[in-house]
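Each residue of the sequence shown is one higher than the one before, starting from 1 at the first, in UniProt numbering. C-beta atoms are modelled at their ideal positions from N, C-alpha and C, and glycine is treated no differently. From a predicted model like this one, the values you see are computed outputs, not experimental measurements. The block underneath contains the structure these notes are about, expressed in structure tokens.
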Amino acid sequence: MVLAMDYGQFCLDGGLGDIDNEMDLLEQAQAEQPSAGDGSMLVVLCPHQNNFEMSIDVQVFACRPAADRSEWQQVSEGHLEIDAPGILSLSSPTTEPVTVAVPPGQYVVEVSGRGFVNYGWPGSTTPGDVWRLRLWPGGDSALEPAQLWNMPGYGTPENTATSTEVPDGSGTDLS
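Next comes the structure, spelled out in structure tokens:
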């Protein structure tokens with residue numbers, strides 16, 4: 001499938017997500033890059049600001065597939081439930097969502113991307129990065145740690161503080 005990705009992010013929704021939670025998940029993804037989910041939605045940060053022809057391959061497995069993280073620049077996992085109609089929706093701000101049929105159930109989803117040229121503006125609206133989603137049953141399975149792209153000469157981006165953190169990073173503001 002092809003998604004027009006904008007604003008450096010895209011969202012996976014199995015039909016149970018609440019659009020009002022997307023901004024909170026975005027803030028969580030920025031605080032603990034590169035993704036955050038609540039079981040019904042998963043927001044993923046992309047190194048590129050945009051890719052209006054972002055290729056995404058969706059694969060469904062009966063169990064966790066063999067690891068191949070070394071072949072990908074960015075990898076993260078999350079839990080995602082697909083509701084009874086069996087439709088996975090992928091969306092990005094200001095663009096039309098795309099959908100794919102996925103059997104209903106509770107999944108672990110691994111989101112992998114590669115082909116990055118820069119953090120931020122990639123120099124074109126079609127930089128050529130590609131993504132893969134691998135889903136397998138396991139709504140309560142442990143998740144593997146995220147892998148961020150280490151851009152030559154730059155490194156990886158800093159996580160940003162959430163609006164509930166005290167500015168000096170010493171804890172959470174409960175006021």
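Checking the DSSP bridge columns, you'll see Y107 partnered with L80 and P137. Comparing C-alpha distances from V43 to each of A101, L133 and G155 shows the shortest one belongs to L133. Taking C-beta atoms as the reference points, H48 and P122 count as a pair closer than 8 angstroms. Contact check between the region 128 to 147 and the region 55 to 68: three or more CB pairs, one atom from each, fall below 8 angstroms, which counts as touching. Here the C-alpha atom of N118 lies approximately 19 angstroms from the C-alpha atom of A29. At the C-beta level, G138 and V98 stay beyond 8 angstroms of one another. Leaving aside the five residues that flank A31 on each side, the residues in its chain whose CB is nearer than 7 angstroms to its CB run, in chain order, N159, T160, A161 and T162. If you draw a straight line from the Cα of M41 to the Cα of Q106, it is about 12 angstroms long.
Apart from sequence neighbours up to five positions away, the residues of its chain that approach R69 with a beta-carbon distance below 7 angstroms are V75 and Q147, ordered along the chain. Excluding five sequence positions before and after L16, the CB atoms of its chain that fall closer than 6 angstroms to its own CB belong to S40, E81 and D83, given in chain order.
Going by beta carbons, L90 and G14 fall outside the 8 angstroms limit.
The Cβ atoms of G78 and L45 lie no closer than 8 angstroms to each other.
The beta carbon of V2 lies closer than 8 angstroms to those of E53, M54, S55, I56 and V98 in the same chain, with the five residues before and after it left out.
N51 and P127 do touch by the CB rule: their CB atoms are close to 5 angstroms apart, below 8 angstroms.
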